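Right, one structure below, let's go through it.
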Amino acid sequence: MNVEELVRGLGAETGIELPPLRVTGGDPVLPSVFRVDTAAAASVGAVTAVAAGLGGGNRAEVDVREAAAAFLDEHHFMIDGVRPTAWSPLSGDYRTIDGWVRLHCNFDHHRDAALAALGLSPGADREAVTRACAGRTALEVEEVVTAEGGCAARMRSGADWRVHPQRAAVAHSPLVSLTRIGDGQAQTPSGTADRPLDGVRVLDLTRVIAGPVATRTLAAHGARVLRVGAGHLPEVSGLVVGTAFGKRSCHLDLRTGRGVSALRDLVAGADVFVQSYRPGALEALGFGPEELARIRPGIVCVDLSAYGTHGPWAGRRGFDSLVQMVCGIAHEGGDGTEPRPLPAQALDHATGYLAAFGAMAALTRRAREGGSWRVEVSLARTALWLDSLGRARAQEGTPEIADLLDEMDSPFGRLTYVRAPGSIDGARPYWESPPPRQGEHPPAWW
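Below you can see the structure in the form of structure tokens.
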């Protein structure tokens, strides 16, 4: 199936008709047996096409190389010529008695949980973790670290994953799930072809890559995006800057009544609410989809998760690299002998663009028929989609994308970044402002 057919399928799945999409360039660009380039072009192409439809554009276009470059965004992002460090020293793959396991320790509390689960003292080094994993099975490490509140994933083959109950739960979900959850008046969009989301207000309660990429994409098409963080929540410093182009940033402590009240006020003025908390976390604070629809009839709620909202792993913490391990991608990439991940955080990026597509598909449905809407996407479902695209002849090396980079001054220094991909009637999406400092703005719309 080619990119145009994949994009038309996404339109049909979400109940909208998309304008024609022109695709330039072709596979392969990135070095992988998986069709990462096709997934990149299809997810970016779907965003571009639905944005064109919202803004009254006639011609949507995506270039395969540009879309693939966007998936490499964090590899090329620099502050004053220096690439920020994205990985903790303890994050990575470890050999076990019977295979491999991956630990994700980028957040301090996840690192501490992994060390405690392995019986190691705080401050233990990578060599100690290597020894601890070498004496256990991969499944044992996965289970004890997860039970302690950490993040771990045993390397499974594709065959192992196909019989796993969570895979079965994920397979029953659409790639982009769009459901009506309440009433609301039809609202005609006020955007234009070059800024189709002009006037759309987006609340961003996400971290790391997938969610921030989704909201950064909405900002590139003209939305007013307010990121809601908190001083006590951990962040990956380079990622939080690189994914914040075009946004404002405020801090709210949702552990307090004042923070909850302030968020309710923001929801009342929002069009789109994007969140990547673990399933159930925001519901407990009164911000589940149905509650959001009561606060703001006509809202679009976008939920991103690692493993979906159903099945035995629905509440499990997860990240792109861990999902690649459990679903067979890392196993196949390394021929089963050792983990070999995709050449990009492709599950994160594809899921981010699909979430942005889902948000705009919901806005399209809202304009046509009114209502409040819920969009659901997950890394594990995106992994199934990528697997379904077939295989490619693996290339060596990485593509040259210097011509796709731009620079911008910011409070952090001179930033180098990959331009937003796609175009509508010849006009490219773009970010109007550099990344803000965290918590720089008040919790208010503008």
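Just so you know, we're using UniProt numbering here: the sequence shown kicks off at 1 and counts up by one. The beta-carbon is built from N, C-alpha and C at its ideal position, and this holds for glycine as well. Values in this document were obtained by computation on a predicted structure and should not be read as measured data.
Separation of G9 from P20, as counted between CA atoms: As a first step, residue 20 is located in the sequence shown; it is residue number 20 there, counting from the start. As a first step, residue 9 is located in the sequence shown; it is residue number 9 there, counting from the start. Rounded to the nearest angstrom, the two C-alpha atoms are 13 Å apart.
Through-space distance from V3 to A41, alpha-carbon basis: Working through the sequence shown from its first residue, we reach residue 41 at position 41. Working through the sequence shown from its first residue, we reach residue 3 at position 3. Going by the C-alpha atoms only, they are around 7 Å apart.
Buried versus exposed, by CB contacts within 10 Å (16 or more), D63: One-based indexing of the sequence shown puts residue 63 at position 63. Counting Cβ neighbours within 10 Å, D63 comes out buried, since at least 16 surround it.
Residue environment, V82, which counts as buried when at least 16 other CB atoms sit within 10 Å: The residue labelled residue 82 in the question sits at position 82 within the sequence shown. Label assigned to V82: exposed.
Contact the region 174 to 192 vs the region 134 to 147: 3+ CB pairs below 8 Å: no
T188, buried or exposed, once every other Cβ within 10 Å from all chains shown has been counted against 16: The sequence position of residue 188 within the sequence shown is 188, counting from 1. Counting Cβ neighbours within 10 Å, T188 comes out exposed, since fewer than 16 surround it.
Rounded C-alpha distance that separates H441 from L226: In the sequence shown, counting from the first residue as 1, residue 441 sits at position 441. In the sequence shown, counting from the first residue as 1, residue 226 sits at position 226. Cα to Cα, the separation comes out at about 9 Å.
Distance, E17 Cα to R111 Cα: Looking up residue 111 in the sequence shown gives position 111. Looking up residue 17 in the sequence shown gives position 17. Across the structure, R111 and E17 are spaced so that their CA atoms are roughly 46 Å apart.
Alpha-carbon to alpha-carbon, G426 and G11: Taking the sequence shown and counting its residues from 1, the one referred to as residue 11 is at position 11. Taking the sequence shown and counting its residues from 1, the one referred to as residue 426 is at position 426. For G11 and G426, the distance between alpha carbons rounds to 22 Å.
Three-state secondary structure assigned by DSSP to E338: Here residue 338 refers to the residue found at position 338 of the sequence shown. Reduced to three states, the DSSP call for E338 is coil.
C-alpha gap between L203 and T96, whole angstroms: Working through the sequence shown from its first residue, we reach residue 203 at position 203. Working through the sequence shown from its first residue, we reach residue 96 at position 96. Cα to Cα, L203 sits roughly 42 Å from T96.
C-alpha distance - E332 paired with R154, whole-angstrom precision: Position 332 of the sequence shown holds residue 332. Position 154 of the sequence shown holds residue 154. For E332 and R154, the distance between alpha carbons rounds to 14 Å.
Buried or exposed (CB count within 10 angstroms, at least 16 for buried), H73: Numbered from its first residue, the sequence shown carries residue 73 at position 73. Correcting the residue identity first, residue 73 is Asp in this sequence and not His. The residue in question, D73, is buried, as its Cβ has 16 or more Cβ neighbours within 10 Å.
Length of the line joining the Cα atoms of A306 and D348: Working through the sequence shown from its first residue, we reach residue 306 at position 306. Working through the sequence shown from its first residue, we reach residue 348 at position 348. Roughly 9 Å separates the two Cα atoms.
Neighbour-count burial assignment, L233, 16 or more Cβ in a 10 Å radius: Reading the sequence shown from its first residue, position 233 is the one you call residue 233. Under this definition L233 is an exposed residue.
Min CB distance G328 to chain D below 8 Å: Among the protein chains of the structure shown there is no chain D, as only one such chain exists.
Where M360 falls: helix, strand or coil (DSSP): If you number the sequence shown from 1, residue 360 lands on position 360. Helix.
Residue from G231, P84, H104 with nearest C-alpha to D93: Within the sequence shown, residue 93 is the residue found at index 93, counting from 1. The residue with the shortest Cα to Cα distance from D93 is H104.
Per DSSP, the bridge partner or partners of D409: Along the sequence shown, one-based indexing puts residue 409 at 409. For D409, the pairing in a beta bridge is given by DSSP as R414.
Bridge partner(s) assigned by DSSP for Q275: On the sequence shown, residue 275 is found 275 positions in, with the first residue counted as 1. BP columns for Q275 point to L205, D303.
G92 in three-state terms, based on DSSP: On the sequence shown, residue 92 is found 92 positions in, with the first residue counted as 1. DSSP places G92 in strand when its eight states are reduced to three.
Through-space distance from G352 to G211, alpha-carbon basis: Translated into the one-based positions of the sequence shown, residue 211 becomes position 211. Translated into the one-based positions of the sequence shown, residue 352 becomes position 352. If I take the Cα positions, the gap works out to 6 Å.
Candidates E66, V170, V144, A220: closest to G434 by CA position: Residue mapping note: residue 434 aligns to position 434 of the sequence shown, counting from 1. Checking the displayed sequence, the identity of residue 434 turns out to be Pro instead of Gly. Nearest C-alpha to P434: A220.
G150 vs A124 beta-carbon contact at 8 Å: Start at 1 with the first residue of the sequence shown, and residue 150 comes out as number 150. Start at 1 with the first residue of the sequence shown, and residue 124 comes out as number 124. No.
Buried or exposed by the 16-neighbour rule on C-beta atoms within 10 Å, applied to D265: Residue numbering aside, residue 265 sits at position 265 when the sequence shown is read from its first letter. It is exposed - the Cβ of D265 has fewer than 16 other Cβ atoms within 10 Å.
Rounded separation between D98 and G238 - CA only: One-based indexing of the sequence shown puts residue 98 at position 98. One-based indexing of the sequence shown puts residue 238 at position 238. Going from the Cα of D98 to the Cα of G238 covers about 35 Å.
8 Å Cβ cutoff met for V236 and N106: The count along the sequence shown starts at 1 and reaches residue 236 at position 236. The count along the sequence shown starts at 1 and reaches residue 106 at position 106. Less than 8 Å separates the beta-carbon of V236 from that of N106.
Rounded separation between A182 and A293 - CA only: Numbered from 1 along the sequence shown, position 182 holds the residue referred to as residue 182. Numbered from 1 along the sequence shown, position 293 holds the residue referred to as residue 293. As written in the sequence, residue 182 is Gly, which differs from the Ala given in the question. For G182 and A293, the distance between alpha carbons rounds to 6 Å.
Check whether G370 and Q185 have beta carbons under 8 Å apart: Reading the sequence shown from its first residue, position 370 is the one you call residue 370. Reading the sequence shown from its first residue, position 185 is the one you call residue 185. Cβ atoms of G370 and Q185: closer than 8 Å.
Counted within 10 angstroms of its Cβ, other Cβ atoms place P421 as buried (16 or more) or exposed: As a first step, residue 421 is located in the sequence shown; it is residue number 421 there, counting from the start. Counting the other Cβ atoms within 10 Å of the Cβ of P421 gives 16 or more, which makes it buried.
Cβ pair count under 8 Å reaching 3, the region 392 to 405 against the region 371 to 382: no
Three-state secondary structure (DSSP) of I424: On the sequence shown, residue 424 is found 424 positions in, with the first residue counted as 1. The answer is strand: DSSP assigns I424 an E or B state.
Distance CB(H76)-CB(L405) smaller than 8 Å: To locate residue 76, count along the sequence shown from 1; it is residue 76. To locate residue 405, count along the sequence shown from 1; it is residue 405. Against a cut-off of 8 Å, the Cβ pair of L405 and H76 comes out as a contact.
Close beta carbons around D194, own chain, < 6 Å, minus the five adjacent residues each side: Along the sequence shown, read from residue 1 onward, the residue named residue 194 stands at position 194. A427.
Nonlocal neighbours in the same chain, by C-beta distance under 6 Å from L354, ignoring five residues either side: For this step, residue 354 is matched to residue 354 along the sequence shown. Closer than 6 Å at Cβ, skipping near neighbours: S43, V176, V377.
Among T364, Q438, D271, nearest to F412 - alpha-carbon criterion: Position 412 of the sequence shown, counted from the first residue, corresponds to residue 412. Residue nearest to F412 within the set T364, Q438, D271 is Q438 (criterion: CA-CA distance).
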